[in-house]
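Visitor:
6 protein chains.
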Amino acid sequence: MLKANIETFLACDASYEEAGIVLYGAPFDSTTSYRPGTRFGSRAIRSESYGLESYSPYQDRDLTDYAVFDAGDQELCFGDASLALKDLRERAAEVAGDGKIPFMLGGEHLVTLAPVQALAEKYPDLHIIHFDAHADLRDDYLGAKLSHACVLRRCWEVLGDGRITQFGIRSGDREEWRWGKEHVTTHPFIVDMEVLQETLRKLEGKPVYFTLDLDVLDPSVFPGTGTPEPGGISFEELRRAVTQICSAARIVGCDVNELSPALDASGASTAVACKIVREMLLALLGNPKIK
Amino acid sequence: MLKANIETFLACDASYEEAGIVLYGAPFDSTTSYRPGTRFGSRAIRSESYGLESYSPYQDRDLTDYAVFDAGDQELCFGDASLALKDLRERAAEVAGDGKIPFMLGGEHLVTLAPVQALAEKYPDLHIIHFDAHADLRDDYLGAKLSHACVLRRCWEVLGDGRITQFGIRSGDREEWRWGKEHVTTHPFIVDMEVLQETLRKLEGKPVYFTLDLDVLDPSVFPGTGTPEPGGISFEELRRAVTQICSAARIVGCDVNELSPALDASGASTAVACKIVREMLLALLGNPKIK
Amino acid sequence: MLKANIETFLACDASYEEAGIVLYGAPFDSTTSYRPGTRFGSRAIRSESYGLESYSPYQDRDLTDYAVFDAGDQELCFGDASLALKDLRERAAEVAGDGKIPFMLGGEHLVTLAPVQALAEKYPDLHIIHFDAHADLRDDYLGAKLSHACVLRRCWEVLGDGRITQFGIRSGDREEWRWGKEHVTTHPFIVDMEVLQETLRKLEGKPVYFTLDLDVLDPSVFPGTGTPEPGGISFEELRRAVTQICSAARIVGCDVNELSPALDASGASTAVACKIVREMLLALLGNPKIK
Amino acid sequence: MLKANIETFLACDASYEEAGIVLYGAPFDSTTSYRPGTRFGSRAIRSESYGLESYSPYQDRDLTDYAVFDAGDQELCFGDASLALKDLRERAAEVAGDGKIPFMLGGEHLVTLAPVQALAEKYPDLHIIHFDAHADLRDDYLGAKLSHACVLRRCWEVLGDGRITQFGIRSGDREEWRWGKEHVTTHPFIVDMEVLQETLRKLEGKPVYFTLDLDVLDPSVFPGTGTPEPGGISFEELRRAVTQICSAARIVGCDVNELSPALDASGASTAVACKIVREMLLALLGNPKIK
Amino acid sequence: MLKANIETFLACDASYEEAGIVLYGAPFDSTTSYRPGTRFGSRAIRSESYGLESYSPYQDRDLTDYAVFDAGDQELCFGDASLALKDLRERAAEVAGDGKIPFMLGGEHLVTLAPVQALAEKYPDLHIIHFDAHADLRDDYLGAKLSHACVLRRCWEVLGDGRITQFGIRSGDREEWRWGKEHVTTHPFIVDMEVLQETLRKLEGKPVYFTLDLDVLDPSVFPGTGTPEPGGISFEELRRAVTQICSAARIVGCDVNELSPALDASGASTAVACKIVREMLLALLGNPKIK
Amino acid sequence: MLKANIETFLACDASYEEAGIVLYGAPFDSTTSYRPGTRFGSRAIRSESYGLESYSPYQDRDLTDYAVFDAGDQELCFGDASLALKDLRERAAEVAGDGKIPFMLGGEHLVTLAPVQALAEKYPDLHIIHFDAHADLRDDYLGAKLSHACVLRRCWEVLGDGRITQFGIRSGDREEWRWGKEHVTTHPFIVDMEVLQETLRKLEGKPVYFTLDLDVLDPSVFPGTGTPEPGGISFEELRRAVTQICSAARIVGCDVNELSPALDASGASTAVACKIVREMLLALLGNPKIK
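Residue numbers (the working numbering), protein chains in the order written: chain B, 914 to 1204; chain S, 914 to 1204; chain L, 914 to 1204; chain E, 914 to 1204; chain Z, 914 to 1204; chain G, 914 to 1204.
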């Protein structure tokens, strides 16, 4: 008898119950101010992971040895950001409430606000590590408070000063840079492994949400994104950094966002996203601080 | 001394004061449920009109003989449909208040609601002629009332029964088709010139808003749209129909929407949109019922 | 508790047991002689069906009212056509053995041979209705007997003279055309509805396999195929013809093949395939001759 | 011993001596005013003809039975139109001087001027049949006399009044249309087979140059061109017309131009060009008026 | 009252009078020998600058604090290089004559000849700093003296030996390399910051024209160009170098050329061009040697 | 009299007799498990080499000074890997039998097996240097032994332990990595020039086959391949390495494979392949160990 067609990222075919990490897609891009299309990011990561092996020679681990559940994409309302965020908040709360780690695939960066709000309730001392080309610290964008350009500002309103550490930022308006200096820790332009390790030492024992806007990568590596910002980091720099973070921090939730697959018809950007997600998963699965 | 770089559709370089028709772009697509990108439609129509002549051999008229003003694209907030619609409503009200015809270039179809609301205040007996592949008559879409899939339903709430006449509709859910039979006049699948002329006779003297969703065209003619629906009309059928409407009806406002230029890299869809806009303008400019 | 991510064509979410029709993908294109890529056809039809309604205004039927099962894509071996065909034959035999109709989504046209072989065992008087731009009647292609260019010839070896009726053929080498005149019935260039109805009358009561190579359509309608052959039929001609066949013939199996989605980045070709599959399904589901 | 890699259109592998028709490419597009790229047209027609059969079921003739020589692309200087035209004129003169028919593949339409000049020396009573969307009758374009937009005007300067018959024209500035009415015969918008046959009767016995700008086709059929002009003819209309012309007129030279292959990534436009060239060749080869 | 639609690069909305730098586009590519399309480069830089901030965190300067005028694209004749260059020369002479710095956006590299000729009249001791993958030192290209492949040779004819310093060159025919060794200073393959600074010291006080062919970048960073030449420099290397030059040299004119936006559909190449132009402008605006 | 249209890579226009190196294309990709299209790789390398100079400033050598023969593409049967390999084996045997070096352009990597088999007969102590992102050491792929994913395993069956040295490998399933450690020498992730030189010293005097899967490059440099694997080497690293190998090893055959040109519409990947082939040819032509 034929079975239903279940589609997952790579070998993430565990049941919800047995899984410690729960992948899900947040296909939303309504507030994107320039070129939309990240709504198809999570779907592309799932379907194109077929071109990747489940085994990582970097970490010598294989996803087939672990239990990860992939819930597919959530159905979200376009054009009403607060409605979409409400549904995403409930999802993150449910997963975290069941003692699992929510691993969200965007979508635009605004979606990060939902799990941060949900996890801040469970972990009042939540910290954020933020990789991005853009500061995302505006107070509003053309009057809208719920915009991808404001998402870390909204997260700050939840968490307060001293909780957000940014890496790789190389774009923002003058006011964002000024404001950021007072309220968050920004390591601009690059991702220095020593600075990162120092950050991880400071966050030792603290619950950490890791949000990765893939446009922190140079557009030569990752052209498939709405607002390519030249001057970013290389794939190897990112791979090493995310492995370090997911291996060593007490991650309680994370996301990977801003892949807009149709903008890079070669598929290379999607392949980058797939491989980063695999390395993050394998590092989390080997991280002794996580359950 | 060098002059500023003013960009307009074709020869639409009149001043606002002297113009009887005012073109403007509504670059909004936040509620698009499938593939976004129509936000770049108006800009593409403007810049690619360079490949077209200002003279129409069909109507033997030349845009260089008339005064049309092109205001460029309005800056609209993404992710907050009510905010965007408010700005668009003010624009339409201003143009109509100055005794000019607003001619809006979308953007997704939701933007039509704004000028319809504005014009219905000025013309309480406003009627709508609606060309589209999709009925757009849902009451809500995943909970959102302000969605491209609901725009004619929202217009109906403004105008009431018997005011909307649809042509070319070939898609909708069962409930939309059922509801439509009771509240609007729908001529499905095709645009029959005799039926159209009969419609125009019935609307004789009435103020008419003409809203053209370009996906009424077959995707072979117009693949550059978010939700291509096979089985549509040909370019010549559309050209003849819009010329007839704009020549004979008492048009008080109109729009052309749903071009998503990046989806058709050949540029043919944009060329179709440009030529239809030119023919509509020339027909309006020769229409004796319009001032 | 979150559920697994099951992906199906439109509303084809019945269980295998309750379904009378079984959709499945045959992602194979190894023998394609020109531009490959049809291996991604079935996956695209499934995922892009999201842009289509489950309700057909043409037939006034809704897929949500019926039970169809979508088994997803079969995993097939590339580079070894006989191995792939063996797996496909077993699948068709299983579905037909369970009293259900196999509805296969290609893939290249060679895959048709598998269900024809399986069904010819169950229905020794099987007939084929074949829509295509190409005759596919070569004896071999560069030495290979198992090639997309030979598939109807291989079917003929199973069924014999007088069992194959072709429509829309407009390409082939001189020898194919000569051979075809002796062994199959070919109605070249067009699909004439009267000729089709006469064919259906002749096949009254006979078990029929319907194989649809979508390149029977003109490339303006369906550019997303490996070997576009100008001069084909329109979408409306195909829609009417397939509705007629699936409503009136005693269909025991069918397939739709040769969509190569990446060749038409606009998505219009995939939308055509999706809509034709929906219309075929709804016609089959309303066909009294089928169970 | 391995042989050199000779590349030709389809089966056009005769030697120059034995051939009655000489194909060659004119890869030039320097004067193109909008989107360049036709320089790659002839190369694409040659290499993509692989997807086409040498046998035509329309005419029941096979290119393998005839002798056509394909000389490949001429090397032309970009940026200096008069230099390029000089080289092209010498080529046409050489081929015609050897008693063969030059069949040129563009490139932009300006290249037509070269064989017309060369053939007018040999045939003082030369006539032109011109298929195009654009009149190409400007006196100059931004000061340049040698421009694709002026090519038929330049041809008229060679031949004089009453020698040029245009079909399918649907674009031009007002002055071109006015001028054209006095000096050439224009059948606008469509290609009427009766009007065409009447034209052929009038040209009975006269030497005819046939120049085909493929943008006479509707952009749905042929989007791969620099200036798509909606409202053109269908593939079948063009196929029938060119077959008629090449079968019945005393053709002394011809060209097919304005394919810009990169603008239609699906390859459908190139397939259209290939098939039209094949049908033209087969009709010429069966035309009793041509030696 | 609605205002005209003025389009400029980023915040370059000063009037001509108040501006010290004048941006303008030179949309010309008629002599391009391989893949054309740079004619759309300046327009793309202007319209896609929307995705970039006016503030540079590298230089801590904001374009909104300065006065730059953007004159848009000049209308140039295609197919006649000398006519186009004449118009460009007049433009550069006018701008320089008004005591402003011409900043030209190509177009192909040939356009550089025009401002060099104009500025050499005003500054007889003019020097050129030239970044490029290609030497551009041929004496002619297929007989044409006015070709993108010869532009620095033509500039040399204006300026003489010892005035041109090239960086990053990695392609040319053998004769170009030989000739270059005698007449210009070439630092091949890379852009060494120490060598660059030494060059700037040598040019201290001299009027410098800086011409940047963006294909000096590696094609991984900048694939959107007609003749990608692998092995180039990185974005960061270029950003640092242009900032150095524009901050420290006595620049009297400059250009950025060879973006062919349609060749990189991801938009990353255009984003690179936009960001380099922004950094050059901000460095020039902070350069004390410039008025 | 016009000459036939012979198409070759760059200046490789020698006759077969005089040539010491024979280029030929192996347009086969039937076993590709993910995205096909490498069948067009060799053709693209040949036709796009037009954008490259025949002179290398890196090696100060010019292809016009040497005799290389380009035989064009072999006609291979799709869908039957053993048939295709047989034809390719005969080709390699013929070329090697005539005392020339076969230089094959893929196609997918499976084609490498053919020349390895042919050359192992002539050179029983044949060694392989293998650059790749993927180990290609599976025993079978979905049951098929002849698959691109197994090609080095098949080569090992011909040559035995200790004959294969791999560089740059960063993907494979766990079993491939385990098996590889026992039977071949793998230098994963990078290409270290010192390790390479040590390898070359060890292979001093031994006949070497060099097989280059271009996906060893990072996808930022070479996105045009079926299975992009992020984390690869740069163009300069590859250029230096292949120059070293081809200058210093006793190469008896080589290949460059896995370019899938349509996946990178910018053409940058094809340009990379062309330049690498040029540098390999020039290094081989200057290598004193080769005849």
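Virtual Cβ for every residue (Gly too), placed ideally from N, Cα, C.
Name the chain L residues that come within less than 8 angstroms of S/Asp1131, Cβ to Cβ?
Guide: Within chain L, the C-beta atoms nearer than 8 angstroms to that of S/Asp1131 come from Val1134, Phe1148, in chain order.
Visitor: Name the one or two DSSP bridge partners that E/Tyr1122 has.
Guide: Answer by DSSP bridge pairing, in chain order: E/Ile1041, E/Gly1166.
Visitor: What is the C-beta distance between L/Ile1041 and L/Thr1124, in whole angstroms, given that I count them as a contact (C-beta under 8 angstroms)?
Guide: 6 angstroms
Visitor: Quick check on this structure: which residue in S/Trp1090, S/Gly1012, S/Leu1065, S/Lys1035 has the alpha carbon closest to the alpha carbon of S/His1043?
Guide: For the set S/Trp1090, S/Gly1012, S/Leu1065, S/Lys1035, the Cα lying nearest the Cα of S/His1043 is the one of S/Leu1065.
Visitor: Report the residue from Z/His1047, Z/Gly1012, Z/Pro1037 whose alpha carbon sits nearest the alpha carbon of G/Glu899.
Guide: The shown model of chain G, from 914 to 1204, leaves out residue 899 of chain G, and the question about it has no answer.
Visitor: Give me the residue from S/Arg956, S/Ala1009, S/Leu1116 with the minimum Cα distance to S/Cys1187.
Guide: In terms of Cα proximity to S/Cys1187, the closest of S/Arg956, S/Ala1009, S/Leu1116 is S/Arg956.
Visitor: Are the CB atoms of B/Ser1060 and B/Leu1023 nearer to each other than 9 angstroms?
Guide: yes
Visitor: Using beta carbons (cut-off 9 angstroms, strictly below), is L/Ala1184 in contact with chain E?
Guide: no
Visitor: Run through chain L and tell me which residues come within less than 7 angstroms of S/Arg1087, C-beta to C-beta.
Guide: In chain order: Tyr968, Asp975.
Visitor: With DSSP as the reference, please indicate the residues paired to S/Ile1014 in a beta bridge.
Guide: Answer is S/Ile934.
Visitor: Looking at B/Asp942: is its Cβ nearer than 9 angstroms to the Cβ of B/Glu1003?
Guide: no
Visitor: Thinking L/Gly1166 and E/Phe1148 are a contact (beta carbons under 8 angstroms), I'd like their distance in whole angstroms, please.
Guide: With a Cβ gap of about 33 angstroms, L/Gly1166 and E/Phe1148 do not count as contacting.
Visitor: Suppose you measure from the CA of E/Thr1025 to the CA of Z/Ala924; what does that come to, to the nearest Å?
Guide: 46 angstroms
Visitor: With a Cβ-Cβ cutoff of 9 angstroms, do L/Leu1050 and L/Glu1089 count as a contact?
Guide: yes
Visitor: Cβ of E/Leu1116 within 9 angstroms of Cβ of E/Phe1016?
Guide: no
Visitor: By the 7 angstroms beta-carbon criterion, what residues does the stretch 1063 to 1093 of chain S contribute toward chain L?
Guide: Arg1083, Ser1084, Gly1085, Asp1086, Arg1087, Trp1090
Visitor: Can you pull the DSSP bridge partners for G/Thr1098?
Guide: G/Thr1078
Visitor: How many Å lie between L/Cys990 and L/Gly1139 at the Cα?
Guide: 20 angstroms
Visitor: For B/Asp1052, return the contacting residues in chain S, with the cut-off set at a CB-CB distance below 8 angstroms.
Guide: Correct list: empty, because the minimum Cβ distance to chain S is about 14 angstroms.
Visitor: Which residue or residues does DSSP assign as beta-bridge partners of G/Gly1019?
Guide: G/Gly1019 pairs with G/Ala939.
Visitor: Could you tell me the alpha carbon to alpha carbon distance between Z/Val1134 and G/Phe1135, rounded to whole angstroms?
Guide: 11 angstroms
Visitor: Taking its Cβ as the centre, do 16 or more other Cβ atoms sit within 10 Å of G/Glu930, making it buried, or is it exposed?
Guide: With fewer than 16 Cβ atoms within 10 Å of its Cβ, G/Glu930 is classed as exposed.
Visitor: Quick check on DSSP: helix, strand or coil for B/Asp1000?
Guide: Correct three-state label for B/Asp1000: helix.
Visitor: Does the stretch 1074 to 1084 of chain E come into contact with the stretch 1096 to 1115 of chain E, if we say contact requires no fewer than three beta-carbon pairs (one atom in each stretch) closer than 8 angstroms?
Guide: yes
Visitor: Please determine, among L/Ala1027, L/Asp1105, L/Gly933, L/Asp986, the residue with the shortest C-alpha to C-alpha distance to L/Ser995.
Guide: For L/Ser995, the nearest C-alpha among the options comes from L/Ala1027.
Visitor: Give the C-beta separation of B/Arg1087 and Z/Asp975 to the nearest angstrom, bearing in mind that I take them to be a contact with Cβ-Cβ under 8 angstroms.
Guide: 5 angstroms
Visitor: If you follow the alpha helix (DSSP H) that S/Gly954 is in, where does it begin and where does it stop?
Guide: 954 to 961
Visitor: Can you check whether the C-beta of G/Phe1044 is within less than 9 angstroms of a C-beta belonging to chain B?
Guide: no
Visitor: Name the residues in the stretch 992 to 1004 of chain Z whose C-beta lies less than 7 angstroms from a C-beta of chain E; which are they?
Guide: Gly992, Asp993, Ala994, Leu996
Visitor: Determine which residues share a DSSP beta bridge with E/Ser1084 and list them.
Guide: E/His1047
Visitor: Go ahead and pull the three-state DSSP assignment for B/Phe1148.
Guide: helix
Visitor: Roughly how many angstroms lie between the CA atoms of E/Phe982 and G/Asp1126, to the nearest whole one?
Guide: Cα to Cα, E/Phe982 sits roughly 38 angstroms from G/Asp1126.
Visitor: Assign Z/Ser1179 to one of three DSSP states: helix, strand, or coil.
Guide: coil
Visitor: Please confirm if B/Asp942 has its CB atom under 9 angstroms from at least one CB of chain S.
Guide: yes
Visitor: Where does Z/Thr967 fall in DSSP's three states?
Guide: The sequence given here has Ser at residue 967 of chain Z, not Thr. In this structure, Z/Ser967 counts as coil in the three-state DSSP scheme.
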